[in-house]
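Note sheet for the following structure.
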Amino acid sequence: MITVLFFGPVAERLGQSRLEVAHQAGMRLQDVRDQLQARYPEAFSLVSLAAVNGQHERDFAVALADHSEVVFMSKFSGG
Amino acid sequence: MPDAVRIQLEDFSQDEEIRALQATSKRMGGIATFLGCARDFSEGRAVSEISFDAYERMALPEMQTLRSEAIARFALLDARIVHRLGVVRAGDSIVFIAAGAEHRAPALEACRWLIDELKERVPIWKKETTPEGESWVTPHP
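Chains A and B, in that order, give the protein sequences. Here the first sequence stands for residues 973 to 1051, where the numbers follow my numbering. Here the second sequence stands for residues -14 to 126, where the numbers follow my numbering.
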């Protein structure tokens, strides 16, 4: 399983802050994004950044290990 | 003394943070600080409070990295960063940055760099409560 977390505006538009996606061999970050974007297009219209296991990930072709934690995020507005 | 980099619900004391910074070196000739506050007016609307959400697993390490980068980049003697989460009322403090160096120029430059980088790199989001309802803040310079 891949755990997918959402925060702030993305979580609000999605109506949840966490969901799980079944892991498949060779699965890439882009695959998870494509899958969820098709189900939640409004929430994903806000997404511009991603993190894998607590690290900002710019390469959406990166392979995901089983039990990875993925976050799809909108631009930050702290400070 | 609390950690130099923190995310916390409660308010902080600027005096305590500066004292902690100063205590790290007697070679410090300049300390620059930045205090970010909750405004009561934004985008033409009154704002009564701001709530924060954060991906803490990434936010705290990123803030620690920022501190280390600033120390190396500006030859600081030390730096501290504190950011609040939860609900903050208009007029309250949100974020505090203090940078200490041998001279004022690197301290001032580091302080500006730290808050600019924090806004770009640290996964924290804020939502304003106004009479018209709540809305997430869109990043701006």
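Beta carbons: idealized from backbone N, C-alpha and C, even for Gly.
Counting along the chain, the unbroken alpha helix (DSSP H) around Q1009(A) starts and ends at L1001 to R1011. The Cβ atoms of L20(B) and F81(B) sit closer than 8 Å to each other. Inclusion of D(-4)(B) and A75(B) in the CB contact set at 8 Å is not warranted, their separation being larger than that value. Within the segment 23 to 51 of chain B, no run of alpha helix (DSSP H) reaches 4 residues while sitting entirely inside it.
Between A1015(A) and V993(A) the beta-carbon gap is near 15 Å, outside 8 Å, which marks them as no contact. Contact note: G21(B) reaches chain A through G1051, using a C-beta cutoff of 7 Å and chain order.
At least one CB of chain A lies nearer than 8 Å to the CB of L103(B). In the same chain as V107(B), and ignoring 5 residues on each side of it, the C-beta atoms closer than 7 Å to its own belong to A44, E47 and M48, in chain order. V107(B) carries a coil assignment under DSSP once its states are collapsed to helix, strand and coil. With respect to R1005(A), F978(A) sits apart: the two C-beta atoms are not nearer than 8 Å. Taking C-alpha positions only, H88(B) is separated from A95(B) by approximately 12 Å.
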